[in-house]
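To keep things clear, I will list the structure first and then write my remarks on it.
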Amino acid sequence: MRYKSKGLHHRAILHLCLLLEVMTSLVSCHAAPGTVTLLKTPNGGIQPQAAVDSKGVLHLIYYKGDPKSGDIFYVRQQPGDAAFSTPIRVNSQPGSAISMGTIRGAQISIGRNDRVHVAWNGSGTAEPKGPNDSSPMLYTRLNEAGTAFEPQRNVMTYAKGLDGGGTVAADKAGNVYVAWHGNPKGDGEAHRAVYVARSTDDGKTFAREKQANTESTGACGCCAMRAFVDKQGTLYMLYRAATADVNRDMTLLVSHDKGTSFQSTKIHKWNIGACPMSSESFTQASTGVEGAWETKGQVYFAAFDPATMQAPKPVAAPGAGEKRKHPVIVTNAQGQTLFAWTEGTGWERGGALAWQVYDKDGNPTAEKGQQDGVPVWSLLSAFARPDGSFTLIY
């Protein structure tokens, strides 16, 4: 009889332990709004790029392989799950992507019916080639079943001279924009321009690329671009200009007519006689669109005035840091903003990640930090969860 009681006692303790484990797991899945959780890129990858669809599903791409010739992989995570799906290779030709330089990696966007679109700079071995055997601007999309990516395509027909990273943005009406800066004549970065190839059928076909910037701003050869479509279907693009060898101002292009015409605005001046190899970020805030960029070794973010498209009050990352680069910005449903960046990264050198959260009124909160661990050739990505917490991927 004592043996039976002892067995019941042990089973009761076991059940209690299991219950506590489940409760702890549930609590860990629901963090407070505005808090930040760090996440390493899955499967030892680098250059994470995240996007969340209308159902709250996280879509993530990352790079693996030789920096000069590697592969892009895709995983997704259902709301409330801790595990990612089995990785799917994005590029149909092995080794047709590149991570060297950090700013030439793949970008992701979610379009109509939550379809995944990916664009990237082709590697030296990538096929199909661009014009005159040049580097291609490659694109693919996830098939309707969500099980594989379509064969990669080059959307560049004439605007060759690809260097700094291209970009992709999609909207809920079936428009997909792939953009890059190029120089068909090859006569210097002061003559580079921004080009956009547009699809109106969810990426099934693309029209011949068109020049977006009507002003002769040039484009900083080794700097990335970033495109974004807001809730109203307005297309935004950030890129770094390049004139007279030293005028490398952050420049905003905005189109209210689905890429037919663009308004150009200088956002932040920077005189430097070298290419800083910088990148940018966008987010949809409750009050409009916010963007982030680098100037003079510091990173900034700002809300763009919908009337003037200026950034009247750029906010610098707080405190002192070494070589701040590759900013990322994301907002949650509560109006809070996560601003994150790398520190100390450079050519063939990793570094640290740092972050600061701001409340809905733009004031810094106590949620901030800094940690080593950004790999060589990598950067950051971030997203907001349904509970209002943030996840920062490095």
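Position 140 of the sequence shown, counted from 1, bears residue number 140 in this note's numbering, the numbering being contiguous throughout. Heads up, the beta-carbon is just placed ideally off N, CA and C, and yes, glycines get one too.
**Request:** Would you check if there are 3 or more beta carbon pairs closer than 8 Å linking the region 181 to 191 to the region 109 to 129?
**Result:** no
**Message:** Buried or exposed for A302, going by 16 or more other Cβ atoms inside 10 Å?
**Reply:** As a working mapping, residue 302 is identified with position 302 in the sequence shown. Counting Cβ neighbours within 10 Å, A302 comes out buried, since at least 16 surround it.
**Reduced DSSP secondary structure (H/G/I, E/B, other) of D114** = Along the sequence shown, read from residue 1 onward, the residue named residue 114 stands at position 114. It is helical.
**Asked** In three-state DSSP terms, what is G351?
**Response** Position 351 of the sequence shown, counted from the start, is the residue given in the question as residue 351. Correct three-state label for G351: strand.
**Prompt:** Given G124, which residues of its chain have a CB within under 6 Å of its CB, disregarding the five upstream and five downstream residues?
**Reply:** Taking the sequence shown and counting its residues from 1, one reaches residue 124 at position 124. Once the five neighbours on either side are set aside, G124 has no close Cβ partner at all.
**Asked** Between the C-alpha atoms of R324 and D372, what's the straight-line distance to the nearest angstrom?
**Response** As a first step, residue 324 must be located in the sequence shown, where it is residue number 324. As a first step, residue 372 must be located in the sequence shown, where it is residue number 372. Taking the straight line from one Cα to the other gives about 13 Å.
**Prompt:** Nearest-angstrom Cα distance between Y139 and A126?
**Reply:** For the purposes of this step, residue 139 is taken as residue 139 along the sequence shown, with counting starting at 1. For the purposes of this step, residue 126 is taken as residue 126 along the sequence shown, with counting starting at 1. For Y139 and A126, the distance between alpha carbons rounds to 12 Å.
**Asked** Hey, quick one: how far does the beta strand (DSSP E) through E127 stretch, first residue to last?
**Response** Locating residue 127 in the sequence shown gives position 127, where the first residue counts as 1. From DSSP, E127 is part of no beta strand (DSSP E); its letter is neither H nor E.
**Item:** Exposed unless 16 or more other CB atoms sit within 10 angstroms - verdict on V328
**Value:** Sequence index remark: in the sequence shown, residue 328 carries index 328 (1-based). So V328 counts as buried.
**Prompt:** So, is W270 buried or exposed, given that buried needs 16 or more other C-beta atoms within 10 angstroms?
**Reply:** Translated into the one-based positions of the sequence shown, residue 270 becomes position 270. Buried, by the Cβ-count rule.
**Prompt:** Who are H326's beta bridge partners in DSSP?
**Reply:** In the sequence shown, the residue the question calls residue 326 occupies position 326. For H326, which the question treats as bridged, DSSP gives no partner whatsoever.
**Request:** Figure out for me which residue from N247, Q310, V289, F339 has the closest Cα to the Cα of Q298.
**Result:** Counted from its first residue, the sequence shown places residue 298 at position 298. Among N247, Q310, V289, F339, the Cα nearest to that of Q298 belongs to F339.
**Request:** Classify N332 as helix, strand or coil using the three-state DSSP reduction.
**Result:** The residue labelled residue 332 in the question sits at position 332 within the sequence shown. Looking at N332 - three-state DSSP - the assignment turns out to be coil, as it is neither helix nor strand.
**Asked** Buried or exposed: which applies to N401, given that a residue is buried once 16 or more other Cβ atoms fall within 10 Å of its Cβ?
**Response** Residue coverage of the chain in this structure runs from 1 to 394, which leaves residue 401 outside it and unanswerable.
**Prompt:** How big is the Cα-Cα spacing for W341 and L380?
**Reply:** On the sequence shown, residue 341 is found 341 positions in, with the first residue counted as 1. On the sequence shown, residue 380 is found 380 positions in, with the first residue counted as 1. For W341 and L380, the distance between alpha carbons rounds to 7 Å.
**Request:** Please look up how many angstroms separate the CB atoms of Y62 and G80, rounded, as I've assumed it's under 8 Å.
**Result:** Sequence index remark: in the sequence shown, residue 62 carries index 62 (1-based). Sequence index remark: in the sequence shown, residue 80 carries index 80 (1-based). Not quite, the Cβ-Cβ distance comes to about 22 Å (not below 8 Å), so this is no contact.
**Request:** Using DSSP bridges, identify the partner residues of R226.
**Result:** In the sequence shown, the residue the question calls residue 226 occupies position 226. R226 pairs with L238.
**Asked** Does the distance from the C-beta atom of G95 to that of Q47 stay below 8 Å?
**Response** Position 95 of the sequence shown, counted from the first residue, corresponds to residue 95. Position 47 of the sequence shown, counted from the first residue, corresponds to residue 47. Result no, Cβ atoms of G95 and Q47 do not sit closer than 8 Å.
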